[in-house]
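Q:
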Amino acid sequence: MQLSLIHTILLVILASWTAQAFSVERLVCLVNQERVSRGLKPLIVNADLNEDAQYHSQSQANRRQMTHNRSDRPDMGDVARSRGYNYRSRAENVAVGDQTEESVVYKWMHSDVHRRNILTPSFTHTGAGFDPRGNYWTMEFLGMDQNRIDYTRYLIELDGPINA
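Just so we're aligned: the sequence shown equals residues -21 to -1, 1 to 143 in mature numbering (1 follows the signal peptide of the UniProt record, and there is no 0).
1. What's the gap between the Cα of Ala32 and the Cα of Val3?
2. If you count every other CB in all the chains shown that lies within 10 Å of the CB of Gly108, and 16 or more means buried, which is it?
3. By Cβ distance, which residues of its chain are closer than 6 Å to Met123, with the 5 residues on each side in sequence left out?
4. From this set, Gln39, Tyr85, Arg69 and Asn25, which residue's C-alpha is nearest Val10's C-alpha?
5. If I measure Cβ to Cβ from Met88 and keep anything under 8 Å in the same chain, skipping five residues before and after, which residues do I get?
6. Please name the residue or residues paired with Thr117 in a DSSP beta bridge.
7. What's the gap between the Cα of Trp116 and the Cα of Gly106?
8. Check the DSSP bridge columns for Ser68 and list the partner residues they point to.
9. When the Cα of Asp57 is compared with those of Ser38, Cys8, Leu28 and Gln37, which residue comes out closest?
10. Just how far apart, CA to CA, sit Ser82 and Gly113?
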């Protein structure tokens, strides 16, 4: 009876952990809050960047190594250009071990290089990925010609992302 109770408790704990899924929207919302609070334009979520960031997070988890290097696929810039994006600037933040979107954004904002990426005014688009096997995070940034972006097309909310 006691062993059965322990198994039940462990299953409930495991279920609660798996129910806490990564949210691209939540991560982008937190990053956009940092940008908007400093007078910068929010980033627009891009599906292609999300896909590439997710692939990179999974690749890092497979190798059990946090890295910007991609041995099995062209880098983010090459992927973006192959999909027709004529960007002017790009960057990538990666992290490992953080349990929540809040903790990874906190860590990035307290790192000079990562903070600079988040707060670079020329960045216009972003994508994010996460792999729970070790908690590998990737956030990609592209800067495209801001004169060609109609920000009024996007719903701007501090409680949610801007979707392209």
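Built from N, CA and C at the ideal position, the CB exists for glycine as well.
A: Inspection of the coordinates gives the following:
1. Taking the first residue of the sequence shown as 1, we reach residue 32 at position 53. Taking the first residue of the sequence shown as 1, we reach residue 3 at position 24. Rounded to whole angstroms, Ala32 to Val3 spans 10 Å at the Cα level.
2. For the purposes of this step, residue 108 is taken as residue 129 along the sequence shown, with counting starting at 1. Gly108 is buried by the Cβ-count criterion.
3. Residue 123 sits at position 144 when you count from the first residue of the sequence shown. Closer than 6 Å at the Cβ level, and outside the excluded window around Met123, lie Tyr66 and Thr103.
4. Translated into positions along the sequence shown, residue 10 becomes position 31. Cα-wise, what sits closest to Val10 is Tyr85.
5. Taking the first residue of the sequence shown as position 1, residue 88 is located at position 109. Correct list, in chain order: Glu13, Arg94 and Ile97.
6. Locating residue 117 in the sequence shown gives position 138, counting from the first residue. According to DSSP, which records beta bridges pairwise, Thr117 is partnered with Val73 and Gly108.
7. Along the sequence shown, read from residue 1 onward, the residue named residue 116 stands at position 137. Along the sequence shown, read from residue 1 onward, the residue named residue 106 stands at position 127. The alpha-carbon atoms of Trp116 and Gly106 are separated by roughly 11 Å.
8. To locate residue 68, count along the sequence shown from 1; it is residue 89. DSSP, once it has assigned bridges, lists Gly122 as partnering Ser68.
9. Translated into the one-based positions of the sequence shown, residue 57 becomes position 78. Per the Cα distances, Leu28.
10. To locate residue 82, count along the sequence shown from 1; it is residue 103. To locate residue 113, count along the sequence shown from 1; it is residue 134. Roughly 14 Å separates the two Cα atoms.
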